Amino acid sequence: MEKKGTTQGSINFKGQVADLSGEVHLLPCAVKYDGPSSVSDYFKPKSTRLEVEGLSVKEAHFRGRKLQGATISIPDGYSGFVVGKKNLGKQKDANSSEENLNCWEMNAKFKNITYWNHDNLPSQDDAFLCSFHWLSVAKSVSF
């Protein structure tokens with residue numbers, strides 16, 4: 002049976018890519034700009050020497066707002082990647098009608114990420130940290 006509106010995709014894993022460990026940040030906002038920027042000239046996180054629930058707290062300011070965050074390692078057995086989407090347009094194969102074929106390309110890798118909160122200190126209860134618990138659950142669940 003033919004499925005309409007299905008999407009196929011692939012990820013191209015390059016051999017050598019930049020290692021951005023220590024430079025990847027998850028901000029609590031949306032930035033509607035995707036061009037070049039001198040981020041390191043303006044975004045300057047610093048240590049607060051404060052530790053909360055085993056997390057070393059950092060502080061930074063973004064567009065005048067104070068952010069508090071922590072750097073965490075990607076769990077063992079997993080990797081973080083920065084990928085860029087390449088739309089290859091519409092292609093037709095023998096088994097289906099025209100479908101969107103999306104290709105993603107690995108641009109960089111990272112082993113840790115700094116996540117930021119607006120109004121709260123980092124906590125083990127933050128949704129971002131809790132999302133990593135799913136990785137251990139997913140290993141034991143069969144789909």
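To convert, take the position in the sequence shown, counting from 1, and add 1; that gives this note's numbering.
Glycine residues also receive a C-beta, built at the ideal position from the N, C-alpha and C atoms.
As the structure is a computational prediction, the values presented were derived from the model and not from experiment.
### Task
Rounded to whole angstroms, what's the CA-CA distance from G85 to S41? Just pull it up for me.
21 Å
### Task
Take F111 and list the residues in its own chain whose beta-carbon comes closer than 6 Å to its own, dropping the five residues that flank it on each side.
L21, S22, V25 and G81
### Message
Tell me the DSSP secondary structure of Y43 in three-state form.
### Response
helix
### Task
Could you have a look at H183 and say whether DSSP puts it in helix, strand or coil?
An answer regarding residue 183 cannot be provided, because it is not within the stretch 2 to 144 covered by the chain.
### Task
Just tell me which of R64, A109, I114 and N118 has its CA closest to the CA of V32.
R64
#### Entry: Beta-ladder partner(s) of R66, from DSSP
BP columns for R66 point to F63.
### Query
Can you name the start and end residues of the beta strand (DSSP E) that S11 belongs to?
T8 to N13
### Message
Tell me the residue span of the alpha helix (DSSP H) that contains V138.
### Response
H134 to S141 is the span of the alpha helix (DSSP H), which, as asked, contains V138.
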